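Visitor: In my numbering, the protein residues as written are 63 to 209. Dropping the structure in here first, questions after.
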């Protein structure tokens with residue numbers, strides 16, 4: 063049976079489950095906002111005892127640790143299944159992207175399992191983020207010299 067592209071697209075749309083886009087977007091918005099709100103609440107709490115720099119550092123550490131523990135117990139994945147992109151708030155999403163492969167490949171050993179795969183997801187983000195910062199830094203430097 064040979065299908066033209068339009069017929070194939072129609073069959074695919076009928077076979078796929080309906081995705082409530084509005085509801086999914088609201089979940090992502092509120093979960094992502096909730097993570098950010100929790101971070102700000104932590105920062106404000108830490109500000110009662112520490113200066114702004116230390117409070118920010120402790121907030122980051124707490125969010126990373128909480129995300130790593132949630133990933134370890136499978137809670138982060140359950141939340142991500144429901145909230146989608148809302149869990150990709152940079153610091154918690156990054157921690158999850160490092161811990162997940164470490165858990166998945168731990169049976170293969172420290173070097174060939176965890177060591178080889180731990181940055182499988184986060185590695186490209188680090189590499190291209192570093193490259194982008196260099197490019198923008200050079201452009202900024204060049205523009206500041208010219209003007």
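Just so it is clear, CB atoms sit at the ideal spot from N, CA and C, and this is done for glycine as well. For clarity, every value in this text was computed on a predicted model and none was experimentally measured.
1. Can you list, in chain order, the residues of its chain whose CB lies under 6 Å from that of residue 132, leaving out five sequence neighbours each side?
2. May I ask which residues mark the beginning and end of the alpha helix (DSSP H) holding residue 168?
3. Express the C-alpha separation of residue 119 and residue 195 in angstroms, rounding to a whole number.
4. How long is the line joining the alpha carbons of residue 70 and residue 146, rounded to whole angstroms?
5. Whose C-beta lies closer than 7 Å to the C-beta of residue 126 among residues of the same chain, with five residues either side of it excluded?
6. Please tell me whether residue 149 and residue 93 are closer than 8 Å, where the distance is taken between their beta carbons.
Guide: Once the coordinates are examined:
1. 138, listed in sequence order.
2. No alpha helix (DSSP H) contains residue 168, which DSSP labels as neither H nor E.
3. It is roughly 22 Å from the alpha-carbon of residue 195 to the alpha-carbon of residue 119.
4. Each residue's Cα considered, the two are about 28 Å apart.
5. Excluding positions up to five away in sequence, the list reads 153 and 157.
6. Taking 8 Å as the cut-off, the beta carbon of residue 149 is found closer than this to the beta carbon of residue 93.
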